[in-house]
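Here's the structure we're looking at; comments come further down.
Number of protein chains: 2
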Amino acid sequence: MKLGPADAKRPNPYDAQCPTRQILDRIGDKWAVLVLGRLAEGPVRFNQLRREIEGISQKMLSQTLRELERDGLIHRAAFATVPVTVEYSIAPLGQTLVAPIEALSRWAETHMADVIAARLRYDRALQAA
Amino acid sequence: MKLGPADAKRPNPYDAQCPTRQILDRIGDKWAVLVLGRLAEGPVRFNQLRREIEGISQKMLSQTLRELERDGLIHRAAFATVPVTVEYSIAPLGQTLVAPIEALSRWAETHMADVIAARLRYDRALQAA
DNA sequence: CAGGATCCTTTACGATACTG
DNA sequence: CAGTATCGTAAAGGATCCTG
């Protein structure tokens, strides 16, 4: 994106069609990141995934998987067993997204203490007023 | 975070309190990223910001600014002029967050074409069925 | 100018029930 | 097993009006 003011020459982040915005929307999706993270470790089946990602509803899981697959970030393989078996795995494209996400994770781990301290200061200042 | 399965030894991303999740939530916030990006360019006042970030409502802008300030990512300076003047600027902590966000932006710009192609394939495959 | 308070609509999401 | 469909609630967000 190059963070900056609107500029006709480069993608305008204010535009819903801006690539960065679309990716940010995906990253911002709690479940999408968790699913991608799990699949980065290796292929998993639907219900196994559901068990491992505690708290996700089956609706959100299937919805998240469909969107990730549609974007080419993960791959879905169905086997005609009885009952049917479906295995999800990370796609090459999705693999390339893992590093930037991890960069953000490292920022979070490195600076979270500062953020929390800032919040305490802010809340205390409010209290005083 | 280190994307991976739940593991008692490292922060559990499924936990709402996980630092990574909290940061991801913030980054996922459309307006927060845009505001931070604009402030990275230099200090701006409220209504100027509102004009530059096309499409943001005053409610969302003030709400976003408050959260960013609370997290220590930006700074708010009020001047007792008449009428009052308030200038927002990026804080040192916020500055350190710019790079990881830009990494994500670069990923988006680099791979968006692939994502769009994947979507077309996916949608066409559905159509065929 | 820089917001707070209110209302109202839209969306997200969980829970539940059903199917190939 | 791996989902889809439906429903109801809760939360997000825009529009509008008001104020120091």
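Residue numbers (the UniProt record's numbering), protein chains in the order written: chain A, 1 to 129; chain B, 1 to 129. Each residue gets a CB set at the ideal place from its N, CA and C atoms; glycine is no exception.
Residue range of the unbroken alpha helix (DSSP H) whose run includes residue i
{"i": "A/Val35", "result": "30–40"}
{"i": "A/Glu54", "result": "Taken as a continuous stretch (DSSP letters only), A/Glu54 belongs to no alpha helix (DSSP H), as it is neither H nor E."}
{"i": "B/Val98", "result": "92–128"}
Backbone CA spacing between residue i and residue j [nearest angstrom]
{"i": "B/Ile53", "j": "B/Leu36", "result": "11 angstroms"}
{"i": "B/Leu39", "j": "B/His111", "result": "26 angstroms"}
{"i": "B/Gln22", "j": "B/Phe79", "result": "32 angstroms"}
{"i": "B/Trp107", "j": "A/Leu24", "result": "11 angstroms"}
{"i": "B/Ala128", "j": "A/Thr96", "result": "29 angstroms"}
{"i": "A/Ser62", "j": "B/Arg119", "result": "17 angstroms"}
{"i": "A/Asp29", "j": "A/Ser105", "result": "15 angstroms"}
{"i": "A/Ala103", "j": "B/Pro19", "result": "13 angstroms"}
{"i": "A/Arg121", "j": "B/Leu68", "result": "13 angstroms"}
{"i": "A/Ile43", "j": "A/Ile116", "result": "The sequence given here has Pro at residue 43 of chain A, not Ile. Distance between the alpha carbons of A/Pro43 and A/Ile116: 36 angstroms."}
{"i": "B/Glu41", "j": "B/Ala125", "result": "44 angstroms"}
{"i": "B/Thr81", "j": "B/Glu109", "result": "43 angstroms"}
{"i": "A/Pro83", "j": "A/Thr64", "result": "23 angstroms"}
{"i": "B/Asp123", "j": "A/Asp123", "result": "48 angstroms"}
Residue span of the beta strand (DSSP E) that contains residue i, given as start and end
{"i": "B/Ile74", "result": "74–79"}
For residue i, the nearest candidate out of the options (CA to CA)
{"i": "B/Phe46", "options": "B/Arg66, B/Ile27, B/Ala125, B/Gln22", "result": "B/Arg66"}
{"i": "B/Val86", "options": "B/Arg76, B/Gln95, B/Pro92, B/Gly94", "result": "B/Arg76"}
{"i": "A/Gln48", "options": "A/Leu73, A/Gly94, A/Ser89, A/Glu102", "result": "A/Ser89"}
{"i": "B/Ala32", "options": "B/Tyr122, B/Ala117, B/Met60, B/Glu41", "result": "B/Met60"}
Contact under 8 angstroms by Cβ, residue i with residue j
{"i": "B/Gln58", "j": "B/Arg50", "result": "yes"}
{"i": "A/Ala99", "j": "A/Leu73", "result": "no"}
{"i": "B/Ile101", "j": "B/Ile56", "result": "no"}
{"i": "A/Leu34", "j": "B/Asp114", "result": "no"}
Beta carbons nearer than 7 angstroms to chain A: which residues of the stretch 116–129 of chain B have them?
Ala118, Arg119, Tyr122
Short-range partners of chain A found in the stretch 27–49 of chain B, where Cβ spacing is below 8 angstroms
Ile27, Gly28, Asp29, Lys30, Val33, Leu34, Leu36, Gly37, Arg38, Ala40, Glu41
Interface residues of the stretch 93–108 of chain B facing chain A [CB-CB below 9 angstroms]:
Leu93, Thr96, Leu97, Val98, Ala99, Pro100, Ile101, Glu102, Ala103, Leu104, Ser105, Arg106, Trp107, Ala108
Which residues of the stretch 73–87 of chain B have a Cβ closer than 7 angstroms to any Cβ of chain A? Give them in chain order.
none
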